[in-house]
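A short worksheet on the structure shown next.
Residue numbers (the UniProt record's numbering): 1 to 336.
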């Protein structure tokens with residue numbers, strides 16, 4: 001429905017570039033409107049005759065026309081207690097209900113700015129139950145009937161799972177919101193003590209899903225306890241003893257004791273060890289030096305270094321050994 005048509009825009013005093021129109025002059029009802037603005041010029045030398053569509057929202061204030069809350073006995077509908085509510089006050093009496101009863105909450109909204117105070121609907125009508133001890137919240141939607149009255153019929157037996165069977169005192173709040181409402185409602189309606197079968201009121205309060213989580217600290221497993229230095233040194237000597245005997249025996253001629261002072265030159269040739277082709281080139285020296293450094297790192301890893309430190313030092317040494325070894329093998333292949 002059009003509020004007005006072909007209404008001229010009036011120039012703003014003091015600025016010839018601005019034009020205005022009083023949209024509320026026609027007292028439009030709440031809601032969203034489309035405003036089409038067209039501009040035309042009598043001089044054909046100017047480009048004109050274009051239209052611009054604007055969206056305008058007319059807001060209003062809402063209030064609760066009436067409200068009542070009652071506790072009913074199961075499906076029979078017998079009323080245990082019914083209370084008339086006065087917006088925005090909270091019911092002074094604390095209600096009491098168990099899992100065999102129902103809580104019925106009725107209310108209606110009215111347009112506070114309209115002259116007739118006509119009833120109105122809203123896009124968001126929620127009823128929230130908040131546990132006073134654990135801060136657990138359960139939210140339900142109030143349904144609207146054909147007469148624009150809202151109702152929440154809460155069967156506590158079927159909805160006990162939503163409450164996690166947590167008995168205790170709950171605050172009942174009404175939450176109203178809509179794009180055309182400029183005063184959203186948060187009304188604390190009443191308090192109620194709920195009693196569920198299999199009461200779990202003493203259990204731990206649920207954790208806040210949006211709260212700060214504990215800091216995660218990554219810790220490596222502690223080093224295993226090492227033996228006493230005397231024990232480790234003794235085993236090291238025992239491990240090196242066969243190598244020492246090898247050097248001593250191969251250095252003595254056959255039939256001569258190791259303690260004899262007149263020892264002949266080392267008898268490595270008898271074991272088939274050939275040092276004749278050992279090269280003193282740069283690649284050979286670098287390869288054997290880096291290989292010795294690798295074994296030294298293994299020893300340091302056993303005593304002092306950790307895995308990451310060992311890998312840090314081993315990476316450049318291993319790369320150097322690989323390149324030098326490749327050059328050494330290529331040279332030996334060419335000499336053959």
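Quick reminder that beta carbons are idealized off the backbone N, C-alpha and C, glycines included. Predicted model, so just to flag it, every value in this text is computed and none were measured.
Answer yes or no: do residue i and residue j have a C-beta to C-beta separation smaller than 9 Å?
| i | j | result |
| --- | --- | --- |
| residue 295 | residue 328 | no |
| residue 375 | residue 112 | Residue numbering for the chain in the displayed model covers 1 to 336; residue 375 lies beyond these limits and cannot be assessed. |
| residue 98 | residue 156 | yes |
| residue 331 | residue 283 | yes |
| residue 91 | residue 127 | no |
| residue 31 | residue 71 | no |
| residue 109 | residue 122 | yes |
| residue 301 | residue 315 | no |
| residue 94 | residue 190 | yes |
| residue 297 | residue 305 | yes |
| residue 55 | residue 39 | no |
| residue 41 | residue 21 | no |
| residue 138 | residue 159 | yes |
| residue 356 | residue 116 | With the chain represented from 1 up to 336, any question about residue 356 goes unanswered, as that position is not in the structure. |
Identify every residue that forms a DSSP beta bridge with residue i.
| i | result |
| --- | --- |
| residue 170 | 131, 192 |
| residue 60 | 181 |
| residue 111 | 62 |
| residue 52 | 37 |
| residue 144 | 150 |
| residue 17 | Bridge partners of residue 17: none, in fact. |
| residue 186 | 175 |
| residue 164 | The partner list for residue 164 (beta bridge, DSSP) is empty, contrary to what the question assumes. |
| residue 155 | 102 |
| residue 125 | 176 |
| residue 337 | In the structure as shown, the chain begins at 1 and stops at 336. Residue 337 is therefore absent and cannot be evaluated. |
Alpha carbon to alpha carbon, how far is residue j from residue i? Give it in angstroms, no decimals.
| i | j | result |
| --- | --- | --- |
| residue 132 | residue 166 | 11 Å |
| residue 27 | residue 85 | 32 Å |
| residue 89 | residue 19 | 46 Å |
| residue 12 | residue 59 | 25 Å |
| residue 65 | residue 107 | 7 Å |
| residue 261 | residue 319 | Only weak support exists for where residue 261 lies, its pLDDT of 41 falling under 50; the coordinates are left without a value. |
| residue 223 | residue 303 | 12 Å |
| residue 192 | residue 184 | 24 Å |
| residue 114 | residue 24 | 13 Å |
| residue 317 | residue 212 | 46 Å |
| residue 68 | residue 173 | 13 Å |
| residue 118 | residue 150 | 15 Å |
| residue 187 | residue 52 | 41 Å |
| residue 325 | residue 228 | 39 Å |
| residue 321 | residue 312 | 15 Å |
| residue 1 | residue 14 | 34 Å |
| residue 144 | residue 73 | 23 Å |
| residue 148 | residue 177 | 15 Å |
| residue 102 | residue 83 | 14 Å |
| residue 281 | residue 293 | 18 Å |
| residue 219 | residue 308 | 15 Å |
| residue 239 | residue 232 | 11 Å |
| residue 236 | residue 210 | 58 Å |
- Flag this pair as touching only if the region 186-201 and the region 159-173 have three or more C-beta atom pairs under 8 Å; answer yes or no. yes
- Task: Report the residue ranges of all alpha helix (DSSP H) runs contained in full by the UniProt domain "Ribophorin II C-terminal" (268-333); include only those spanning at least 4 residues, in chain order.
- Result: 282-303
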